[in-house]
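Data block below; observations after.
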Amino acid sequence: MLQGKKIVLGITGSIAAYKSIYLVRLLVKAGAEVKVVITPSAKDFISPLIISTLSRNPVLIDLFEGESWANHVMLGRWADLMIVAPLSCNTLAKMASGHCDNLLLAVYLSATCPVVVAPAMDEDMWHHPATKNNLAKLESFGNKIIPVEKGDLASGLIGDGRMAEPESILSFLADNFFLTSPIAKSLQGKKAIVTAGPTYEHLDPVRFIGNHSSGKMGVAIAKELERRGAEVTLIIGPTQLPLTVNGIMLVQVTSAEEMYTACQKVFADTDIAIMAAAVADYAPADKSNEKIKKKDDKLIVELVKTKDILKSLGEAKRSEQVLIGFALETNNEKSYAKDKLLRKNADMIVLNSLNDSGAGFGHDTNKITIFDKGGKEFNFDTKSKAAVAKDIVDTMINLYYA
Ligand code: CTP
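Its first residue numbered 151, the sequence shown is counted upward by one per residue in the numbering used here.
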């Protein structure tokens with residue numbers, strides 16, 4: 151699977167380091183040549199002897215050993231890929247800010263190859279804004295992040311933060327870097343647009359009608375499409391998310407009208423359109439140029455329907471184009487979703503019901519059911535939005551590109 155590939159594996163000081171012993175074994179078994187660099191604190195968690203035996207190479211720890219100097223530049227240039235697994239909070243922060251006080255960091259800074267990281271930390275550390283910012287920084291450098299998994303943590307808590315299992319790491323590498331898995335790059339040559347986030351409809355210069363959509367689901371879908379080789383344009387409404395989405399063309403809009411125009415502009419030249427945005431259905435008929443002053447007891451605002459972007463694309467759609475919509479429902483979920491599929495001439499509709507816990511706006515997880523125009527129904531468990539994005543893209547590939 152990874153025959154002849156040269157991999158530098160960085161191991162940092164984290165309880166999850168024990169899993170990296172197995173990761174080394176898997177990489178070597180898959181045919182890769184593996185050189186391991188560990189941070190000084192990783193020595194407290196794993197024995198360099200085990201790692202050097204399994205990797206069949208000496209384990210590198212220090213920038214200087216005796217009179218000799220470990221050539222980090224050569225190591226960074228030797229590798230086809232550098233992976234840091236587990237990535238601790240401390241090393242993450244140092245990588246994000248360009249610190250260089252150990253060999254692993256020196257190799258990272260000199261690496262000319264792609265870099266991928268598999269973070270591992272406790273749930274509260276994982277959710278801290280500093281961690282999110284540091285990961286966003288790494289993404290902006292072009293590094294890939296293997297999402298953490300949910301489960302038992304070293305603290306005894308159960309939650310997000312476990313390092314991905316070695317088998318998942320191996321398939322991530324095969325899918326993303328070495329194109330050795332059947333799903334990898336299956337959308338190469340395809341152009342995709344994704345809408346995401348809310349829209350804001352202005353009443354006056356300081357007020358708007360909006361909704362709680364965070365944009366997370368749409369961003370996850372855009373990343374997944376890009377991972378499969380598609381050329382992706384993400385058309386996104388106002389969001390708090392750090393928008394450092396490498397390799398994805400970003401179009402930032404505010405209102406439903408602007409989102410409509412942005413979609414119309416590119417749709418004819420698009421193979422796949424996934425409409426994950428929570429577009430306002432109504433907008434104020436008039437936007438006041440001045441702040442509306444408080445006067446009477448009642449203020450009646452006239453709202454007019456916005457353009458339905460999904461429906462307009464459905465009307466213009468050619469037979470080879472794939473159009474996917476979302477339906478967020480609170481009641482009669484399935485029948486409303488199927489009705490939307492037909493009414494808007496979509497190929498697939500992704501239903502998320504607000505009755506499912508862990509689904510919908512703002513959550514990091516989602517629970518979906520997919521309906522396709524051929525009458526098929528696909529049910530999925532509650533998963534991280536990254537995993538849900540993978541399910542949506544897998545289902546689409548199986549139905550339309552397999
Ligand atoms: N959508 C759109 N443009 C709009 C409204 C919705 O493109 N002006 C898209 C959404 O991005 C989503 C799908 O249509 O993919 C369904 O959105 P939803 O608001 O649930 O559907 P509506 O047709 O507005 O139906 P209703 O509000 O009556 O449920």
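Glycine included, C-beta positions come from ideal geometry on N, C-alpha and C.
Rounded Cβ spacing between residue 354 and residue 440 (contact assumed at less than 8 Å) | 7 Å
Per-residue burial, residue 362 [other beta carbons within 10 Å of its own, 16 or more giving buried] | exposed
With C-beta atoms as the reference, is residue 423 less than 8 Å away from residue 463?
-> yes
Based on the DSSP secondary-structure assignment, which residues constitute the bridge partners of residue 160?
-> 187 and 234
Out of 505, 550 and 175, state which residue places its alpha-carbon closest to the alpha-carbon of residue 470.
-> Measuring from the Cα of residue 470, the nearest candidate turns out to be 550.
Which class does residue 317 belong to by DSSP, given the choice of helix, strand or coil?
-> helix
So what does DSSP say about residue 311, is it helix, strand or coil?
-> strand
Between the C-alpha atoms of residue 345 and residue 542, what's the straight-line distance to the nearest angstrom?
-> 15 Å
Within the same chain, show all residues whose beta-carbon is closer than 8 Å to that of residue 283, passing over the 5 residues directly before and after it, in chain order.
-> Excluding residues within five positions, the ones whose Cβ falls inside 8 Å are 246 and 392.
DSSP state of residue 436, grouped into three classes?
-> coil
With distances taken from CA atoms, which of 540, 435 and 230 is nearest residue 153?
-> 230
Relative to the alpha-carbon of residue 383, which residue among 419, 390 and 532 has its alpha-carbon at the smallest distance?
-> 419
Take the Cβ of residue 206 as the centre, count every other Cβ of all protein chains shown within 10 Å, and call the residue buried at 16 or more, exposed below.
-> exposed
For residue 234, which of 328, 425 and 295 has the nearest alpha-carbon?
-> Measuring from the Cα of residue 234, the nearest candidate turns out to be 295.
Assess, as a yes-or-no matter, whether the segment 157-168 is touched by the segment 188-195 under the definition of 3 or more beta carbon pairs within less than 8 Å.
-> Yes, since at least three Cβ pairs between the segment 188-195 and the segment 157-168 fall closer than 8 Å, the two stretches touch.
Residue 301 by DSSP, collapsed to three states: which one?
-> Judged by DSSP in its simplified three-state form, residue 301 adopts strand.
Candidates 172, 178 and 263: which alpha carbon is nearest residue 236's?
-> 172
Taking the runs of the alpha helix (DSSP H) that are 4 residues or longer, which of them lie wholly in the segment 378-417?
-> 406-417
Specify the secondary structure class of residue 214 as computed by DSSP and reduced to three states.
-> strand
Cα-Cα, which of 289, 540 and 271 is closest to residue 398?
-> 289
Return yes when the Cβ of residue 187 is within less than 8 Å of the Cβ of residue 174, no when it is not.
-> no
Where does residue 247 fall in DSSP's three states?
-> helix
The beta strand (DSSP E) spanning residue 477 covers which residue range?
-> Residue 477 -> beta strand (DSSP E) spans 472-479.
Check whether the segment 311-331 touches the segment 427-439, taking contact to mean three or more Cβ pairs, one atom from each stretch, closer than 8 Å.
-> no
Rounded to whole angstroms, what's the CA-CA distance from residue 210 to residue 183? Just pull it up for me.
-> 15 Å
Considering only the beta carbon of each residue, do residue 270 and residue 312 sit closer than 8 Å?
-> yes
Cβ of residue 371 versus every heavy atom of the ligand CTP: is any distance shorter than 7 Å?
-> no
Would you mind working out which of 396, 436 and 513 sits nearest residue 359, comparing C-alpha positions?
-> 436
Taking 7 Å as the cut-off, is the CB of residue 551 close to at least one heavy atom of the ligand CTP?
-> no
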